[in-house]
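This report refers to the structure that appears directly beneath it.
The following block contains the structure:
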């Protein structure tokens, strides 16, 4: 949506006229759709990263337990 400003003689106020541009509106809709897709992909990636961090923490805990067991066996 573009704004067209014009001043009439002897007035102190600005008139705003909205000019609709169908190509611009279609472009905005396309951009919004792509943005929505990207946002959903980003949220999926964030969720996958959280799952990976949880799995890494679980593996670290298992490795620590195995290390403690091995130290106990060797001691």
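In this note's numbering, the protein residues as written are 142 to 216.
Every residue gets a Cβ at the ideal spot worked out from N, C-alpha and C, and that includes glycine.
Where residue i and residue j are concerned, what is the direct C-alpha to C-alpha distance, given to the nearest angstrom?
i, j, result
"residue 210", "residue 185", "38 Å"
"residue 136", "residue 188", "An answer regarding residue 136 cannot be provided, because it is not within the stretch 142 to 216 covered by the chain."
"residue 196", "residue 163", "50 Å"
"residue 200", "residue 172", "41 Å"
"residue 192", "residue 161", "46 Å"
"residue 166", "residue 194", "42 Å"
"residue 169", "residue 178", "14 Å"
"residue 214", "residue 190", "36 Å"
Could you give the first and the last residue of the continuous alpha helix (DSSP H) run that contains residue i?
i, result
"residue 170", "163-215"
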